[in-house]
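**Q** Numbering (full-length UniProt numbering), first residue to last: 1 to 351. Note that the Cβ used here is the ideal one computed from N, Cα and C, for glycine as well.
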Amino acid sequence: MIIDLLNSAKRNPILGPVSPFRTARCDGSASPPSNTVEFGSMKYYAYCGFGGVLSCGLTHTAVVPLDLVKCRLQVDPDKYKNIFNGFRLTVKEDGFVGLSRGWLPTLMGYSLQGLGKFGFYEMFKIMYGNLLGEENAYQYRTALYLASSASAEFFADIGLSPFEAMKVRIQTSPGFTSSMMKCAAIISKDEGLGGFYKALVPLWGRQIPYTMMKASIDSRRFACFERTLEALYMYVVPKPRAECTKEEQLAVTFTAGYIAGVFCAIVSHPADTIVSKLNQDKGSSAMDIAKRLGWAGMWKGLGPRIFMIGTLTALQWFIYDGVKVALGIPRPPPPTMPESMRKRLEAEGKA
């Protein structure tokens, strides 16, 4: 299975005209650097996973204060009227240190999620691309990005779910412990193993559309991101990607990531609200929460989440691409039409 996957990387059609095993360089030079990483190798997947650990773990931990207030707006809108009121009340009741509640499960959970999200995404993109064939993979590449990102997120969220449950409980339950280990013991005693996974399905409902949009709009190398990145290089950036400097490429990545993040936040917000309430309320199901909140209630906290997710997504793609540059990981150019497809269309008079 692993050998077949590595061999399929050699034939992957999403890489454009560049040989898949040539390490891409940001300055457009064809000569390989001394520290090369073979595309589709286990080292390649490991490095991509490491980039995901840094991009997701660090960024989510950095915005814990905003995430904490957002969660409190969702679960107790009568007390926390808006984002500014939420910050003021939190500092008044718990001091500035109170804004850091839940930072450890956030760091651990989203680092684990990033490992799966990015590592598996690259793997599934190669595998699905090989199954589709060269021309279909190019023609239906948005569907390929969506399927790859959804598959990766499915597995990544299984690792995230226990830590998300602890994070939300610590952040939204008045008088609750701030210790992750004590929180884990309480959840285990009161609800058993199921307490860590009771929000997994709505978590999938939040994260999978979010990741698919992120992949589809910009190119967090996921669908929203992939197509946004393509569009920026095609219509906005005045020169081909191969001619851009490292700094210019990373700036384009950041811009594409922010655009993708705004769409991601909107698409996934109702499920995010349900996850926050579900991990706070014992014995409630996702349907119970949805009925209790109503349609309008599920959009509470959208403003701060748009700001948070837009910034997060942009920074995550920036860090991920930065890790690829630093470690010499292949960064293929935006996909181009396969030569066989171009010739066929020319023969049919459609090119």
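In three-state terms, what does DSSP make of MET181?
**A** As a working mapping, residue 181 is identified with position 181 in the sequence shown. DSSP places MET181 in helix when its eight states are reduced to three.
**Q** On the criterion of 16 or more Cβ atoms from any shown chain inside 10 Å, does THR336 qualify as buried, or is it exposed?
**A** Mapped onto the sequence shown, residue 336 falls at position 336. Result: exposed.
**Q** Quick one: grab the DSSP three-state call for residue 361.
**A** Outside the displayed span of the chain (1 to 351) sits residue 361, for which this structure offers no information.
**Q** Check whether the region 86-100 and the region 126-133 touch, using three or more Cβ-Cβ pairs below 8 angstroms as the test.
**A** no
**Q** Between VAL325, ILE259, ARG169, THR273, which lies nearest to LYS246 when the distance is taken from Cα to Cα?
**A** Along the sequence shown, read from residue 1 onward, the residue named residue 246 stands at position 246. Checked all of VAL325, ILE259, ARG169, THR273; the closest Cα to LYS246 is VAL325.
**Q** Just to confirm before moving on: does the CB-CB distance between GLY261 and GLY310 stay below 8 angstroms?
**A** Looking up residue 261 in the sequence shown gives position 261. Looking up residue 310 in the sequence shown gives position 310. Result yes, Cβ atoms of GLY261 and GLY310 sit closer than 8 angstroms.
**Q** Since PRO105 is in the alpha helix (DSSP H), which residue starts that stretch and which ends it?
**A** Here the question's residue 105 lines up with position 105 in the sequence shown. Per DSSP, PRO105 belongs to the alpha helix (DSSP H) from 103-132.
**Q** Would you call the CB atoms of GLY109 and LEU193 closer than 8 angstroms?
**A** Numbered from its first residue, the sequence shown carries residue 109 at position 109. Numbered from its first residue, the sequence shown carries residue 193 at position 193. Result no, Cβ atoms of GLY109 and LEU193 do not sit closer than 8 angstroms.
**Q** Would you say ARG146 and ALA137 are within 8 angstroms of each other, going by their C-beta atoms?
**A** Locating residue 146 in the sequence shown gives position 146, where the first residue counts as 1. Locating residue 137 in the sequence shown gives position 137, where the first residue counts as 1. Strictly speaking, residue 146 in this sequence is Leu, with Arg absent from that position. No, the pair does not count as a contact, with Cβ atoms beyond the cut-off.
**Q** Going by C-alpha to C-alpha distance, which of MET287, GLU243, LEU132, PRO105 sits closest to THR61?
**A** As a position in the sequence shown, residue 61 is number 61, starting the count at 1. That would be PRO105, whose Cα lies nearest to the Cα of THR61.
**Q** Could you check how far apart the C-beta atoms of GLN171 and LEU68 are, in whole angstroms? I think they sit under 8 angstroms.
**A** Counted from its first residue, the sequence shown places residue 171 at position 171. Counted from its first residue, the sequence shown places residue 68 at position 68. Yes, GLN171 and LEU68 are in contact; Cβ-Cβ is about 5 angstroms, under 8 angstroms.
**Q** Taking one C-beta from the region 47-64 and one from the region 110-121 each time, how about it: are there three or more such pairs within less than 8 angstroms?
**A** yes
**Q** Contact criterion: CB-CB distance below 8 angstroms. Does LEU89 meet it with respect to chain B?
**A** The structure shown contains no chain B; it is built from a single protein chain.
**Q** Compare the Cα-Cα distances from SER285 to each of TRP204, THR142, ILE274 and report the closest residue.
**A** As a position in the sequence shown, residue 285 is number 285, starting the count at 1. The option with the nearest alpha carbon to SER285 is ILE274.
**Q** Considering only residues of the same chain and omitting the five flanking positions on each side of TYR320, which have a CB-CB separation below 6 angstroms?
**A** Position 320 of the sequence shown, counted from the first residue, corresponds to residue 320. Same-chain partners within the cutoff: GLY51, SER55.
**Q** Could you tell me the distance, in whole angstroms, from the CA atom of ILE14 to the CA atom of TRP299?
**A** As a working note, residue 14 is residue 14 in the sequence shown. As a working note, residue 299 is residue 299 in the sequence shown. Caution is warranted here: a pLDDT of 49 is assigned to ILE14, below 50, making its placement in the model unreliable, and the coordinate value is therefore given only provisionally. If you take the alpha carbons of ILE14 and TRP299, they lie about 37 angstroms apart.
**Q** Starting from GLY328, trace the alpha helix (DSSP H) both ways and give me its first and last residue.
**A** Along the sequence shown, read from residue 1 onward, the residue named residue 328 stands at position 328. First-last for GLY328: undefined, no H or E at that position.
**Q** So, helix, strand or coil for LYS198, using DSSP?
**A** As a position in the sequence shown, residue 198 is number 198, starting the count at 1. In the structure shown, LYS198 sits in coil (DSSP, three-state: anything other than H, G, I, E or B).
**Q** For TYR140, does the three-state DSSP call read helix, strand or coil?
**A** Translated into the one-based positions of the sequence shown, residue 140 becomes position 140. DSSP places TYR140 in coil when its eight states are reduced to three.
**Q** Given a cut-off of 8 angstroms on the beta-carbon distance, is the pair ILE289 and VAL37 in contact?
**A** To locate residue 289, count along the sequence shown from 1; it is residue 289. To locate residue 37, count along the sequence shown from 1; it is residue 37. Cβ atoms of ILE289 and VAL37: not closer than 8 angstroms.
**Q** Keeping to the same chain, check which residues put their C-beta closer than 7 angstroms to that of LEU232; ignore five residues upstream and five downstream.
**A** Position 232 of the sequence shown, counting from 1, holds the residue named residue 232. Hits under 7 angstroms: VAL252, THR255, ALA256.
**Q** One question on the structure: do residue 354 and ALA265 come within less than 8 angstroms of each other, judged by their Cβ atoms?
**A** Examination of residue 354 is not possible in this model, given that the chain is present from 1 through 351 alone.
**Q** Restricting to runs no shorter than 3 residues, where is the beta strand (DSSP E) found entirely within the region 292-321?
**A** The DSSP assignment places no complete beta strand (DSSP E) segment of no fewer than 3 residues inside the region 292-321.
**Q** Below 8 angstroms CB to CB, which residues in the same chain sit around LEU250 once its five sequence neighbours on both sides are set aside?
**A** Position 250 of the sequence shown holds residue 250. The answer, listed in chain order, is PHE318, ASP321, GLY322, VAL325.
**Q** Pull up the distance between the alpha-carbon of GLY57 and that of GLN316, whole angstroms please.
**A** As a working mapping, residue 57 is identified with position 57 in the sequence shown. As a working mapping, residue 316 is identified with position 316 in the sequence shown. Near 9 angstroms, if we compare the C-alpha coordinates of GLN316 and GLY57.
**Q** If you count every other CB in all the chains shown that lies within 10 Å of the CB of GLY40, and 16 or more means buried, which is it?
**A** Translated into the one-based positions of the sequence shown, residue 40 becomes position 40. By the neighbour-count rule (16 or more Cβ atoms within 10 Å), GLY40 is buried.
**Q** Just mark GLU153 as buried or exposed, buried being the case when its beta carbon has 16 or more other beta carbons within 10 Å.
**A** Reading the sequence shown from its first residue, position 153 is the one you call residue 153. Answer is buried; the Cβ neighbour count reaches 16.
**Q** Return the CA-CA distance between ASP157 and TRP204, expressed in angstroms with no decimal places.
**A** Residue 157 sits at position 157 when you count from the first residue of the sequence shown. Residue 204 sits at position 204 when you count from the first residue of the sequence shown. Cα-Cα distance, rounded: 7 angstroms.
**Q** Buried or exposed: where does PRO238 fall if 16 or more other Cβ atoms within 10 Å of its Cβ makes it buried?
**A** On the sequence shown, position 238 is the one that residue 238 refers to. With fewer than 16 other Cβ atoms within 10 Å, it is exposed.
**Q** So, with DSSP's three-state summary, where would you put SER173?
**A** Indexing the sequence shown from 1 puts residue 173 at position 173. Note: SER173 maps to coil in three-state DSSP.
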